[in-house]
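Chains as they are written, first to last, in the working numbering: chain A, -15 to 97; chain B, 3 to 111. See structure below.
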């Protein structure tokens, strides 16, 4: 069964460093999402991506964040200068059409020291 | 814009029933339900697309009242495997998706 994959599973970084979180969505899916979940809290929408461009972003997704689909299969989230409060689980999700069932990757746990 | 869920947490014995509610201050076009087990990703349960629609999935079903901007998830004859955090979620007219505040469900033997 096709699945969304994410790498790395755990990333530890120093405050101020850049990190890139990687996702491989399901191959025929067209819509891609990044979410953040601080430990024990709700799942927060960061950004959605369709047709090679951002379609929506939340207020969390400021200039420190960027997304890219560099090669037609990978979907990346970059945080330019990490802060302590960026420590969270980051989930990638994909779906065949907007508003449909979302398939989530296993997540990347980001720890900023 | 985030849907609000109630209760925040519930503890059940195996075989008991539970209802989780999700309400929004904004119009709901559709409602998704997901379950997340500890340390794992959310897993899709079902989508409700029309006002008044009900759906079932094994012993888990849901209803959606578009006029009241509410949805409820019904878990009957709960099993240990039902434990987790349940989230409702809804897309806006664009391509944002808002998860609800979450309900932690614990089923004990």
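The C-beta atom is built at its ideal place from N, Cα and C for all residues, glycine as well. Remember, predicted model here, so these are calculated numbers, not experimental data.
Asked	Found
Contacting residues, own chain, Cβ-Cβ under 8 Å from residue 86 of chain A (five flanking each side not counted)	17, 77, 78 and 79
Distance between residue -4 of chain A and residue 65 of chain A (C-alpha atoms, nearest Å)	13 Å
Chain-order list of residues whose beta-carbon lies under 6 Å from that of residue 39 of chain A (same chain, five-residue window excluded)	32
Between the CA atoms of residue 25 of chain A and residue 81 of chain B - distance to the nearest angstrom	24 Å
From B:96, B:88 and B:95, residue whose alpha carbon lies closest to that of residue 34 of chain B	B:88
Interface partners of residue 104 of chain B on chain A, CB under 7 Å	26
Residue 34 of chain A, DSSP secondary structure in three states	strand
Contact set between residue -7 of chain A and chain B, taken where Cβ atoms lie within less than 8 Å	Going along chain B, no residue has its Cβ under 8 Å from residue -7 of chain A, so there is no contact; the nearest lies around 11 Å.
Cβ separation of residue 72 of chain B and residue 29 of chain A, assumed to be a contact under 8 Å, to the nearest whole Å	Not confirmed; about 21 Å, so no contact.
Coil, strand or helix - residue 68 of chain A by DSSP	helix
Check whether residue 105 of chain B and residue 19 of chain B have beta carbons under 8 Å apart	no
Cβ-based neighbour list, residue 12 of chain B, same chain, cut-off 6 Å, excluding 5 preceding and 5 following	20 and 107
Burial state of residue 43 of chain B (16 or more Cβ within 10 Å)	buried
Cross-chain neighbours of residue 89 of chain B in chain A, by beta carbon under 8 Å	26 and 27
Where residue 26 of chain B sits in the DSSP three-state scheme	coil
Interface partners of residue 100 of chain B on chain A, CB under 8 Å	29
Selection from A:82, A:84, A:19 and A:68 that minimises the alpha carbon distance to residue 0 of chain A	A:68
Residues that residue 62 of chain A bridges to, as DSSP identifies them	A:4 and A:50
Interface partners of residue 17 of chain B on chain A, CB under 8 Å	In chain order: nothing, as chain A lies at least about 28 Å away.
Exposure of residue 54 of chain A, with buried meaning 16 or more beta-carbon neighbours within 10 Å	exposed
Enclosing beta strand (DSSP E) for residue -10 of chain A [first to last residue]	-11 to -9
Test: residue 9 of chain A CB closer than 8 Å to a CB of chain B	no
Proximity test, Cβ basis, 8 Å: residue 86 of chain A and chain B	yes
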